[in-house]
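The letter at position 62 of the sequence shown is residue 62 when you use UniProt numbering, and the numbering goes up by one with no holes.
For every residue, glycine included, the Cβ atom is placed at its ideal position computed from N, Cα and C.
For clarity, every value in this text was computed on a predicted model and none was experimentally measured.
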Amino acid sequence: MSKRILITGASRGIGRAVALLAGHRRWSVAVNYRDNRTAAEQTVNAVRAAGGTAIAVRGDVSSEADVIAMFDAATDAFGGLDGVVNNAGVVAPASPLADMTLERLRRIFDINVLGAYLVAREAARRMSLASGGQGGAIVNLSSAAARLGSPNEYVDYAGAKAAIDTMTIGLAKELGPAGIRVNAIRPGLIETEIHASGGAPDRAERLGKMTPMGRAGTAEEAAEAVIWLLDDRSSYVTGALLDVSGGR
Ligand code: NAP
Numbered sequence: 001m002s003k004r005i006l007i008t009g010a011s012r013g014i015g016r017a018v019a020l021l022a023g024h025r026r027w028s029v030a031v032n033y034r035d036n037r038t039a040a041e042q043t044v045n046a047v048r049a050a051g052g053t054a055i056a057v058r059g060d061v062s063s064e065a066d067v068i069a070m071f072d073a074a075t076d077a078f079g080g081l082d083g084v085v086n087n088a089g090v091v092a093p094a095s096p097l098a099d100m101t102l103e104r105l106r107r108i109f110d111i112n113v114l115g116a117y118l119v120a121r122e123a124a125r126r127m128s129l130a131s132g133g134q135g136g137a138i139v140n141l142s143s144a145a146a147r148l149g150s151p152n153e154y155v156d157y158a159g160a161k162a163a164i165d166t167m168t169i170g171l172a173k174e175l176g177p178a179g180i181r182v183n184a185i186r187p188g189l190i191e192t193e194i195h196a197s198g199g200a201p202d203r204a205e206r207l208g209k210m211t212p213m214g215r216a217g218t219a220e221e222a223a224e225a226v227i228w229l230l231d232d233r234s235s236y237v238t239g240a241l242l243d244v245s246g247g248r
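This is the structure we're talking about:
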């Protein structure tokens, strides 16, 4: 069945790959981005070229007003939502905790935790059977970092992703009766620009060689798992934390 979905941070990386796979299924996709309008428009064009429907929606997930506005835009465009991918996320340069500034810690938790909670809250409000919605699926982007801890790199980011795991477990129980399934994927080392944004562009390739599968994963490999969790083929799966990490 065709779906109407909102993906946060879909201008680049894993979010963009999810949007393209959704386009190939002829789904309707709201492509959220924060800064990179050109990249978001390229994603929209690619979704349309694949056969789907798409709009670009600017908004910072750590702003409550922006999150509400992006859900309003998606709902107005598609007449409702069946799925939400809580994908926007950031890292900061590798550092031991002792050297992290308050400003850095606030940014990591504001975007990765507060932002994800605000997005999940809006999804719950709009898709819940109790509030007139039709039910749906939320897929959260956690990380293998949540169970590895990322010492000397980013224990801040790892802890933020652990919060996403716990939110997934709790919300799956809270929203089951509301007709909403809630799951997370925990990617390992995936080749995207996130590593360059943390000051180590070669990180996925370098560390990927040390994983059991001997390589980093692609954004498309992560996106396949997200699409499955959004789709009705996973209709009895909720509260799951799915590792997509090549055995890492
Ligand atoms: P990426 O390539 O750096 O892309 C990040 C995306 O998030 C961009 O579309 C960016 O928009 C958007 N974004 C950033 N901050 C935002 C904000 N405050 N509000 C709205 N959008 C925002 O990242 P990625 O590697 O695809 O990562 C996607 C998710 O997977 C993240 O949650 C990340 O933590 C998680 N993950 C990634 C890996 C990996 O190895 N790549 C591993 C584990 C988990 P602009 O283009 O406008 O900047």
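Measuring from the CB of residue i, is there a heavy atom of ligand 1 at a distance below 8 Å?
| i | result |
| --- | --- |
| residue 251 | Residue 251 lies beyond the stretch modelled for the chain, which goes from 1 to 248, so this question has no answer here. |
| Lys161 | yes |
| Asn87 | yes |
| Ala150 | It is Ser, not Ala, that sits at residue 150 in the sequence shown. No, ligand 1 has no heavy atom inside 8 Å of this Cβ. |
| Glu193 | yes |
| Pro187 | yes |
| Asn36 | yes |
| Leu141 | yes |
| Gly13 | yes |
| Val155 | no |
| Asn183 | no |
| Ile108 | no |
| Thr53 | no |
| Gly247 | no |
| Ala10 | yes |
| Ala145 | yes |
| Tyr33 | yes |
| Val47 | no |
First and last residue of the beta strand (DSSP E) that includes residue i?
| i | result |
| --- | --- |
| Ala137 | Gly136 to Leu141 |
| Asp99 | No beta strand (DSSP E) contains Asp99, which DSSP labels as neither H nor E. |
| Val84 | Gly83 to Asn86 |
Check the DSSP bridge columns for residue i and list the partner residues they point to.
| i | result |
| --- | --- |
| Ser28 | Arg4 and Thr53 |
| Ile180 | Gly136 |
| Tyr236 | None; Tyr236 has no bridge partner. |
| Arg186 | Asp243 |
| Gly217 | Ile190 |
| Tyr33 | Arg58 |
On the DSSP letters alone, give me the boundaries of the alpha helix (DSSP H) that residue i sits inside.
| i | result |
| --- | --- |
| Val67 | Glu64 to Phe78 |
| Asp156 | Val155 to Leu175 |
| Gly9 | Premise fails: Gly9 is in no alpha helix (DSSP H) and is neither H nor E. |
| Leu113 | What sits at residue 113 in the sequence shown is Val, not Leu. Unbroken run through Val113: none, as it is neither H nor E. |
| Gly208 | Arg203 to Gly208 |
| Arg147 | Ala145 to Leu148 |
| Ser197 | Ile194 to Ser197 |
Hey, would you say the C-beta of residue i is under 8 Å away from at least one heavy atom of ligand 2?
| i | result |
| --- | --- |
| Met213 | Only ligand 1 can be found as ligands here, which leaves ligand 2 out of the picture. |
How would you call residue i, buried or exposed, if buried means at least 16 neighbouring beta carbons within 10 angstroms?
| i | result |
| --- | --- |
| Ser131 | exposed |
| Arg12 | buried |
| Thr38 | exposed |
| Glu103 | exposed |
| Asn87 | buried |
| Leu141 | buried |
| Leu176 | Per the sequence presented here, residue 176 reads as Gly, with Leu not at that position. Looking at its Cβ environment, which holds fewer than 16 other Cβ atoms inside 10 Å, Gly176 is exposed. |
Answer yes or no: does any C-beta atom of chain D fall closer than 9 Å to that of residue i?
| i | result |
| --- | --- |
| Gly199 | Absence of chain D from the displayed structure is noted, only one protein chain being present. |
Q.
Would the stretch 237-248 count as touching the stretch 209-226 if we require 3 or more Cβ pairs under 8 Å?
A. yes
Q. Looking at C-beta atoms only, is the number of pairs between the stretch 28-43 and the stretch 229-237 that lie closer than 8 Å three or more?
A. no
Q | Contact the stretch 194-212 vs the stretch 159-179: 3+ CB pairs below 8 Å | A | no
Q: Report yes or no: do three or more beta-carbon pairs, one from the stretch 180-200 and one from the stretch 90-110, lie closer than 8 Å?
A: yes
Q: Inspect the CB distances between the stretch 68-83 and the stretch 39-50 and report whether three or more fall short of 8 Å.
A: no
Q) Three or more C-beta pairs closer than 8 Å, one from the stretch 164-171 and one from the stretch 108-117: is that the case here? A) yes
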